[in-house]
Structure formats: C-alpha cells, structure tokens
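Every letter in the sequence shown is one number past the one before it in full-length UniProt numbering, and letter 15, counting from 1, is 15. Read the structure below first, then the notes.
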Amino acid sequence: MQINLTGHHIEITDSLRNYVDTKFSKLERHFDHISNVHVILNVEKITQKAEATVHLSGAEVFASSENTDMYAAIDSMVDKLDRQVIKHKEKLKKH
Numbered sequence: 001m002q003i004n005l006t007g008h009h010i011e012i013t014d015s016l017r018n019y020v021d022t023k024f025s026k027l028e029r030h031f032d033h034i035s036n037v038h039v040i041l042n043v044e045k046i047t048q049k050a051e052a053t054v055h056l057s058g059a060e061v062f063a064s065s066e067n068t069d070m071y072a073a074i075d076s077m078v079d080k081l082d083r084q085v086i087k088h089k090e091k092l093k094k095h
C-alpha cells in the first residue's frame, strides 16, 4: 500500500508520517486490496483537518475529519475509513 501524504499550511514531520502509516496499517489488516491512499493534512487557524481518499480494488472511499488536535483528526478519519472499507468488503462477499 502506497501512502501519499500532503500538508497544507503544516510541515509533515516524521512523527506525523509515522502516525499516519501506523493508523493505515490497521486498515490494511481488514482489507488487503488497498492500492494507494492520498492523505491531506490541512491547518486553518485553530482547525486541524485530515482527509483521505483510499483506492480499493473496484472502488474508492473518502473521509475527512476536523478537530483542534491533528492526531485526533487523523484517528477520527481512519475510523470513518475503516467502517467504509469493511462495508465495501462485505458488499464484495455478497456477490
């Protein structure tokens, strides 16, 4: 799985990159057909925003989350993506 990490008005530090990598490895455990992920971290005044597009085999899921803490925003976004990935995986099983 390839993770593209982009920052708007924020420097992508090693700790942020490692945190995102760790969180997305959780997604890969649930569904191993993830080709690539595009993550955008954005800071607007006091709002920290994390959004990501995950390219799955045959689909694409998107989630975003805002919080005053970037790590909390990433956590929330990954949880949303996790639910969508599981839903997609269940759809594939039905067919």
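We treat Cβ as the ideally placed atom computed from N, Cα and C, and that holds for glycine. Bear in mind that the values here come from a model prediction, so they are computed numbers and not experimental data.
Judged by DSSP secondary structure, residue 93 falls within the alpha helix (DSSP H) whose first and last residues are 70-94.
Residue pairing by DSSP puts residue 49 in a beta bridge opposite 42, 66. Two segments are said to touch when three or more pairs of C-beta atoms, one from each, lie closer than 8 angstroms; by this definition the segment 71-86 touches the segment 16-28.
When secondary structure is reduced to three states using DSSP, residue 57 falls in the coil class, being assigned neither helix nor strand. Listed as beta-bridge partners of residue 8 by DSSP are 42.
The beta-bridge partner set that DSSP reports for residue 36 consists of 2, 55. Measuring C-alpha to C-alpha distances from residue 20 to each of 44, 88, 47, 81 identifies 81 as the nearest. Going by beta carbons, residue 3 and residue 37 fall inside the 9 angstroms limit.
When the five nearest sequence neighbours on each side are left out, the beta carbons in the same chain lying within less than 8 angstroms of the beta carbon of residue 30 are those of 82, 85, 86, 89, in order along the chain.
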